[in-house]
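First residue of the sequence shown? That's 134 in the numbering used here, and the numbers climb one at a time after it.
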Amino acid sequence: MQETVMFSGTIVCERQRVECKVRATKTTLDKDPSARPVFSDYRIMESDATDGLPDGEYDLLANGERIRFSRDAGRFLSRPFSVRSYRR
């Protein structure tokens with residue numbers, strides 16, 4: 134089963150940390166309710182806080198993972214194969 138979920142995250146760049154809202158797809162297996170859900174398709178929601186960030190490379194800390202993003206022409210683009218776990 135898949136559903137869209139929202140949660141808080143932190144965008145990390147050279148000398149800044151910016152709080153943001155994140156949208157992702159949560160997938161759970163119907164056959165095994167005890168299995169941990171899988172999160173994918175992370176998207177940073179644009180806001181007044183993110184509007185001032187320049188184009189460049191960023192990390193998103195959200196849901197116990199570090200996801201790499203690029204910002205190009207004012208839009209965040211996820212970079213493939215870039216999800217890693219992190220400790221809070």
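Yeah, the Cβ is synthetic: ideal placement off N, Cα and C, and Gly gets one too.
If residue i sits next to residue j, beta carbons under 8 Å apart, how far is it from one beta carbon to the other, in whole angstroms?
{"i": "Thr137", "j": "Arg150", "result": "With 8 Å as the limit, Thr137 and Arg150 do not qualify as a contact, their Cβ atoms being about 25 Å apart."}
{"i": "Asp188", "j": "Asp205", "result": "5 Å"}
{"i": "Thr158", "j": "Phe172", "result": "7 Å"}
{"i": "Ile200", "j": "Leu193", "result": "5 Å"}
Start and end of the beta strand (DSSP E) containing residue i?
{"i": "Ala182", "result": "Careful: Ala182 lies outside any beta strand (DSSP E), inside the alpha helix (DSSP H) at Asp181 to Asp184."}
{"i": "Ser173", "result": "Val171 to Ile177"}
{"i": "Ala157", "result": "Arg150 to Thr160"}
{"i": "Gly197", "result": "From DSSP, Gly197 is part of no beta strand (DSSP E); its letter is neither H nor E."}
Based on the DSSP output, what are the partners of residue i in its beta bridges?
{"i": "Ser211", "result": "Phe202"}
State the DSSP-derived secondary structure class of residue i, mapped to helix, strand or coil.
{"i": "Ser167", "result": "coil"}
{"i": "Gly189", "result": "strand"}
Just to confirm, are residue i and residue j a CB contact at a threshold of 9 Å?
{"i": "Gly142", "j": "Ile177", "result": "yes"}
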